[in-house]
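Read the structure below first, then the notes.
2 protein chains.
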Amino acid sequence: MSNPTAAMLVIGDEILSGRTQDTNTHHLAGELTKQGINLKEVRVISDDAVSIVAAVRKLSSIYMHVFTSGGIGPTHDDITADCIAEAFGSHIEIRDDARAILQTHYDAQKLPLNDARLRMARIPDKATLIDNPISKAPGFTIENVHVMAGVPSIFQAMLASVLPSLTGGQPLLSETYRVERGEGDIAAPLSALASAFPALSIGCYPFQQNGLYGANIVIRGSDAGILKEAMTRLRTEIPR
Amino acid sequence: MSNPTAAMLVIGDEILSGRTQDTNTHHLAGELTKQGINLKEVRVISDDAVSIVAAVRKLSSIYMHVFTSGGIGPTHDDITADCIAEAFGSHIEIRDDARAILQTHYDAQKLPLNDARLRMARIPDKATLIDNPISKAPGFTIENVHVMAGVPSIFQAMLASVLPSLTGGQPLLSETYRVERGEGDIAAPLSALASAFPALSIGCYPFQQNGLYGANIVIRGSDAGILKEAMTRLRTEIPR
Chain A
0 MSNPTAAMLV IGDEILSGRT QDTNTHHLAG ELTKQGINLK EVRVISDDAV SIVAAVRKLS
60 SIYMHVFTSG GIGPTHDDIT ADCIAEAFGS HIEIRDDARA ILQTHYDAQK LPLNDARLRM
120 ARIPDKATLI DNPISKAPGF TIENVHVMAG VPSIFQAMLA SVLPSLTGGQ PLLSETYRVE
180 RGEGDIAAPL SALASAFPAL SIGCYPFQQN GLYGANIVIR GSDAGILKEA MTRLRTEIPR
Chain B
0 MSNPTAAMLV IGDEILSGRT QDTNTHHLAG ELTKQGINLK EVRVISDDAV SIVAAVRKLS
60 SIYMHVFTSG GIGPTHDDIT ADCIAEAFGS HIEIRDDARA ILQTHYDAQK LPLNDARLRM
120 ARIPDKATLI DNPISKAPGF TIENVHVMAG VPSIFQAMLA SVLPSLTGGQ PLLSETYRVE
180 RGEGDIAAPL SALASAFPAL SIGCYPFQQN GLYGANIVIR GSDAGILKEA MTRLRTEIPR
């Protein structure tokens, strides 16, 4: 059986303007790979309602899981929750369970639960809350979409809350073999290796370091035995 | 007149598996913003022909410019050039101008221009070559798509070759105002500011540092006068 598939939707003008480097995708990719869920596509879009609704509908119809980051804070540009509700035709308003979490949190800090902060309790009707141990305002899961914060520490904490509930696949194993030769010299044997092991994915990633050219050959697959066999043949055909 | 629009297409299994963090998008975003070209969307997809062809067709039909990174090296998993040709129904084969560049380069290094390296001279018929001062194998532009390497130093060098030929728009100016208060406290005045200055984009990006909560308020726009006016009002309404 093939592994579950997933997509990531990064929402935020700050990524597209170059102000902020997105690091949530890289974190998600690593975590999903460990769990045997194949991240197949990532999209980064702006804080624009039409774009968000369209992307959520599209990605959720193609992939088994969709993870979003960004746009669930208290300010006027945080429109993700309402857009997700619209994408699924769900009613959305301030929900008691989310409000209670915020009330406890802000009471403890002696801060007012004002209108802006209450926006973070706007959760679609049928959604399940995602725990946020860092700053409390919850994310949520609706259908196959997991809606999380953009701040990396909170995104990571929310993802850790969500991941155990997902059915994983066979973890993707990988082996890396570093050679200090140009890709052009090793392309032919690599191509033959890829043909001989159709169940494996064989990638070649060139690097330059201190004037030195080389490549990391990465073989990925979920069967440890086949992977080992391919690595043995690789070492023979492309000796270091 | 509104600014030109652009999309980025990152091609590579290594990004989706979490092996490699994509940094080309962040670099591109910063460069385009300086030039007044609005990066509107980013997609990351795997080294899969069907996905590449579909994404190139889609993005090139929506945005004025599309930039791609990855998949133009000499190995079997480098299929980008052929997929781009297919997307535009263009013939592709080893082209004399690209071959001449490679021949000179490898002759100088006393390395053979073998079949694998010659793959890097496969360029669609109507494409224009993009200069690669680092490792010589060229990128190319076909219609509104600029096809570049995935290795960051080469991507950046190719982008520097392409950018001067593009018509920019009014550079997007931005001002950042840092406040050490929670987003929930400043959301209401920010929302009012956003309504008062519809020509500007006002974003609020929370941070946590050493137990301190705060936010960077970023105002973006292309009219320096309006931006200054908004900043003055921001300082008055949300004093530090």
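Line by line, the protein sequences give chains A and B.
Numbering-wise (numbering that gives the first Met the number 0), the first sequence opens with residue 0 and increments by one.
Numbering-wise (numbering that gives the first Met the number 0), the second sequence opens with residue 0 and increments by one.
Think of the CB as a built atom: it goes at the ideal place given N, C-alpha and C, for glycine as much as any other residue.
Cross-chain neighbours of A:R18 in chain B, by beta carbon under 9 angstroms:
A28, G29, T32, S173, T175, G202, Y204, N215, V217, R219
Starting from the N-terminal side, write out each stretch of the alpha helix (DSSP H) that is 4 residues or longer and does not extend beyond the segment 176-215 of chain B.
182-195
Please decide whether A:H104 counts as near chain B, where near means a Cβ-Cβ distance under 8 angstroms.
no
Closer than 8 angstroms at the beta carbon, the chain A residues around B:L226:
In chain order: nothing, as chain A lies at least about 14 angstroms away.
By the criterion of Cβ-Cβ separation under 7 angstroms, what are the contact partners of B:N113 in chain A?
G183
In angstroms with no decimal places, state the Cα-to-Cα distance between A:N131 and A:Y62.
25 angstroms
Would DSSP call A:E92 helix, strand or coil?
strand
What are the partner residues of A:H145, as DSSP defines its beta bridges?
A:F66, A:T140
I need the DSSP call for A:V55, collapsed to helix, strand or coil.
helix
In whole angstroms, what separates the C-alpha of A:E40 from that of A:A6?
5 angstroms
Less than 8 angstroms between the beta carbons of A:G202 and B:D12, yes or no?
yes
Specify the secondary structure class of A:S171 as computed by DSSP and reduced to three states.
Looking at the sequence itself, residue 171 of chain A is Leu, so the reference to Ser does not match. Three-state DSSP puts A:L171 in coil, outside helix and strand.
Exposure of A:T32, with buried meaning 16 or more beta-carbon neighbours within 10 Å
buried
Just to check my reading of the structure: B:L158 and B:L27 have Cβ atoms closer than 8 angstroms, yes? What is that Cβ distance to the nearest angstrom?
6 angstroms
Are B:A97 and B:I122 close, meaning C-beta to C-beta below 8 angstroms?
yes
Between the segment 79-100 of chain B and chain A, which residues of the former have CB atoms less than 8 angstroms from a CB of the latter, in chain order?
none
Can you say whether B:N209 is buried or exposed, counting buried as having 16 or more other CB atoms within 10 angstroms of its CB?
exposed
I need the boundaries of the beta strand (DSSP E) containing A:I71, first residue and last residue.
That residue, A:I71, is in no beta strand (DSSP E); it is neither H nor E in DSSP.
What number of angstroms, rounded off, separates the C-alpha of A:R180 from the C-alpha of B:T166?
40 angstroms
Round the Cβ separation of A:H104 and A:K135 to the nearest angstrom and send it over; I've been treating them as touching at under 8 angstroms.
4 angstroms
Go ahead and label A:T235 buried or exposed: buried means 16 or more other beta carbons lie within 10 angstroms of its beta carbon, across all protein chains shown.
exposed
Residues near B:R118 by beta carbon distance below 6 angstroms, same chain, minus five either side
P73
Under 8 angstroms Cβ-Cβ, which residues of chain A neighbour B:V150?
P205, F206, Q207
Compare the C-beta of A:T74 against all C-beta atoms of chain B and say whether one is closer than 8 angstroms.
yes
List the residues of chain B whose Cβ lies closer than 8 angstroms to the Cβ of A:V49, in chain order.
In chain order: nothing, as chain B lies at least about 12 angstroms away.
Proximal residues of chain A, C-beta to C-beta of B:D12 below 7 angstroms:
S200, G202
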